[in-house]
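What follows is a single structure, written as structure tokens, with notes after it.
Numbering (this note's numbering), first residue to last: 370 to 619.
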């Protein structure tokens, strides 16, 4: 492989203006993810990423190179577009491909109601991640008391959500995660369910199954009435205070 074309990514804690000013000095660097007003991920050539990291360190700006070997969400991946879209073709033929629950796409930063075709899957790889715009859209649609739940192996985006809220709705502290690699898995899940339960989070209409199985049971689980030896299955998740079948406990 041509090492001069090797890609990498760098997380930076700075404003958008600062990041754009810094990356303009180096060859082939782009903002790959807009996480919050003060958190961005830059992708591009490995050599340029190293130089950018050095500048950030000298200026005492938080930065951390990601453990990746490609610059995802940047034009450096364009050489793979044709082959990737061909591979995604079979996946896009499954069902009608349309969201069954309200979904905000980080590709557009807006609600997505169309089919997920192979082109859309590719845009998820090459285009920048508009996470801050997506969270802002959710707040605009569902209100300032929205509850955010990150369903993931680790709480990667919790801090970004809190940073967004601090500049828009500082009184909203309803940001939770299902798992944290620094915590015991079972404890993380029980704490998450307990937090949701104490907030009195309840379902609406036809989506009561998820809320009944998760949000009524946790109170007993957390208090030890039913014990903690429960099997947990992860399913399709949505973050935010609208419905959706996200998690079942048996």
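The beta-carbon is built from N, C-alpha and C at its ideal position, and this holds for glycine as well.
From a predicted model like this one, the values you see are computed outputs, not experimental measurements.
- [ ] Could you give the DSSP three-state label for residue 379: helix, strand or coil?
- [x] Numbered from its first residue, the chain shown carries residue 379 at position 10. If DSSP states are grouped into helix, strand and coil, residue 379 belongs with the strands.
- [ ] Work out the CA separation of residue 497 and residue 389 for me, nearest whole Å.
- [x] To locate residue 389, count along the chain shown from 1; it is residue 20. To locate residue 497, count along the chain shown from 1; it is residue 128. In a straight line, the C-alpha of residue 389 is about 14 Å away from that of residue 497.
Task: Rounded straight-line distance, which links the Cα of residue 530 to that of residue 327 - done: In the structure as shown, the chain begins at 370 and stops at 619. Residue 327 is therefore absent and cannot be evaluated.
Open item on the list: By the three-class DSSP mapping on this structure, what secondary structure does residue 563 have?
Closed with: Position 194 of the chain shown, counting from 1, holds the residue named residue 563. Helix, per DSSP.
TODO: Report yes if the CB atom of residue 504 is closer than 8 Å to the CB atom of residue 527, and no otherwise.
DONE: As a working mapping, residue 504 is identified with position 135 in the chain shown. As a working mapping, residue 527 is identified with position 158 in the chain shown. Contact: no.
Task: Contact under 8 Å by Cβ, residue 380 with residue 443 - done: Your numbering for residue 380 matches position 11 in the chain shown. Your numbering for residue 443 matches position 74 in the chain shown. No, Cβ-Cβ distance for residue 380 and residue 443 is not below 8 Å.
Open item on the list: For residue 593, count the other beta carbons within 10 Å of its own beta carbon; 16 or more makes it buried, fewer makes it exposed. Which is it?
Closed with: Translated into positions along the chain shown, residue 593 becomes position 224. Summary for residue 593: the model assigns pLDDT 35, below 50, so the residue's position carries little reliability; its value from the coordinates is reported in the next sentence. Exposed is the call here.
Task: Contact belief for residue 413 with residue 397 at Cβ below 8 Å, rounded distance in angstroms - done: Residue 413 sits at position 44 when you count from the first residue of the chain shown. Residue 397 sits at position 28 when you count from the first residue of the chain shown. Indeed, because the Cβ distance is near 5 Å, the residues count as touching under 8 Å.
Open item on the list: Please tell me whether residue 377 and residue 434 are closer than 8 Å, where the distance is taken between their beta carbons.
Closed with: Taking the chain shown and counting its residues from 1, one reaches residue 377 at position 8. Taking the chain shown and counting its residues from 1, one reaches residue 434 at position 65. Yes. Within cutoff.
- [ ] Tell me whether the beta-carbon of residue 425 lies closer than 8 Å to the beta-carbon of residue 432.
- [x] Residue mapping note: residue 425 aligns to position 56 of the chain shown, counting from 1. Residue mapping note: residue 432 aligns to position 63 of the chain shown, counting from 1. With contacts defined by Cβ atoms closer than 8 Å, residue 425 and residue 432 form a contacting pair.
TODO: Could you give the DSSP three-state label for residue 481: helix, strand or coil?
DONE: Numbered from 1 along the chain shown, position 112 holds the residue referred to as residue 481. In the structure shown, residue 481 sits in coil (DSSP, three-state: anything other than H, G, I, E or B).
TODO: Spell out the partners DSSP gives residue 496 in its beta bridges.
DONE: On the chain shown, residue 496 is found 127 positions in, with the first residue counted as 1. DSSP, once it has assigned bridges, lists no residue as partnering residue 496.
Open item on the list: Shorter than 7 Å, the distance from the beta carbon of residue 546 to the closest heavy atom of the ligand NAD, or not?
Closed with: Within the structure as shown, the ligand NAD is missing, as the structure has no ligands at all.
Task: Beta-carbon separation (whole angstroms), residue 491 vs residue 453, contact threshold 8 Å - done: The residue labelled residue 491 in the question sits at position 122 within the chain shown. The residue labelled residue 453 in the question sits at position 84 within the chain shown. Indeed they touch by this definition, with Cβ atoms about 5 Å apart.
Open item on the list: I need the DSSP call for residue 514, collapsed to helix, strand or coil.
Closed with: As a first step, residue 514 must be located in the chain shown, where it is residue number 145. In the structure shown, residue 514 sits in coil (DSSP, three-state: anything other than H, G, I, E or B).
Open item on the list: Check this for me: beta carbons of residue 499 and residue 477, under 8 Å apart or not?
Closed with: Against the chain shown, residue 499 aligns to sequence position 130. Against the chain shown, residue 477 aligns to sequence position 108. Judged by their CB atoms, residue 499 and residue 477 are nearer to each other than the 8 Å cut-off.
Task: Close beta carbons around residue 513, own chain, < 8 Å, minus the five adjacent residues each side - done: Numbered from 1 along the chain shown, position 144 holds the residue referred to as residue 513. Taken in chain order, the residues that qualify are 537, 538, 540 and 541.
Task: Extent of the continuous alpha helix (DSSP H) run through residue 408 - done: What you label residue 408 is simply residue 39 of the chain shown in a count that begins at 1. Taken as a continuous stretch (DSSP letters only), residue 408 belongs to no alpha helix (DSSP H), being part of the beta strand (DSSP E) at 408-414.
Open item on the list: Whole angstroms are fine: how far does the CA of residue 533 sit from the CA of residue 563?
Closed with: Numbered from its first residue, the chain shown carries residue 563 at position 194. Numbered from its first residue, the chain shown carries residue 533 at position 164. Taking the straight line from one Cα to the other gives about 24 Å.
TODO: Have a look at residue 450 and residue 552 and give me their C-alpha separation to the nearest angstrom.
DONE: Translated into the one-based positions of the chain shown, residue 450 becomes position 81. Translated into the one-based positions of the chain shown, residue 552 becomes position 183. For residue 450 and residue 552, the distance between alpha carbons rounds to 39 Å.
Open item on the list: When you compare the CB positions of residue 520 and residue 547, do they come within less than 8 Å of one another, or not?
Closed with: Residue numbering aside, residue 520 sits at position 151 when the chain shown is read from its first letter. Residue numbering aside, residue 547 sits at position 178 when the chain shown is read from its first letter. Contact: yes.
Task: N-terminal and C-terminal residue of the beta strand (DSSP E) that residue 535 is part of - done: By one-based count along the chain shown, residue 535 stands at place 166. No beta strand (DSSP E) holds residue 535; the alpha helix (DSSP H) holding it covers 527-537.
Open item on the list: For residue 501, tell me which candidate among 421, 535, 447 and 395 has the shortest Cα-Cα distance.
Closed with: Within the chain shown, residue 501 is the residue found at index 132, counting from 1. Checked all of 421, 535, 447 and 395; the closest Cα to residue 501 is 535.
Task: Minimum length 4: unbroken alpha helix (DSSP H) runs contained in the region 418-472 - done: 450-461
TODO: Have a look at residue 523 and residue 430 and give me their C-alpha separation to the nearest angstrom.
DONE: Residue 523 sits at position 154 when you count from the first residue of the chain shown. Residue 430 sits at position 61 when you count from the first residue of the chain shown. Cα atoms of residue 523 and residue 430: separation of roughly 24 Å, rounded to the nearest angstrom.
Open item on the list: Counting C-beta neighbours from all protein chains within 10 Å, is the total for residue 437 16 or more, i.e. buried, or is it exposed?
Closed with: If you number the chain shown from 1, residue 437 lands on position 68. Burial call: exposed.
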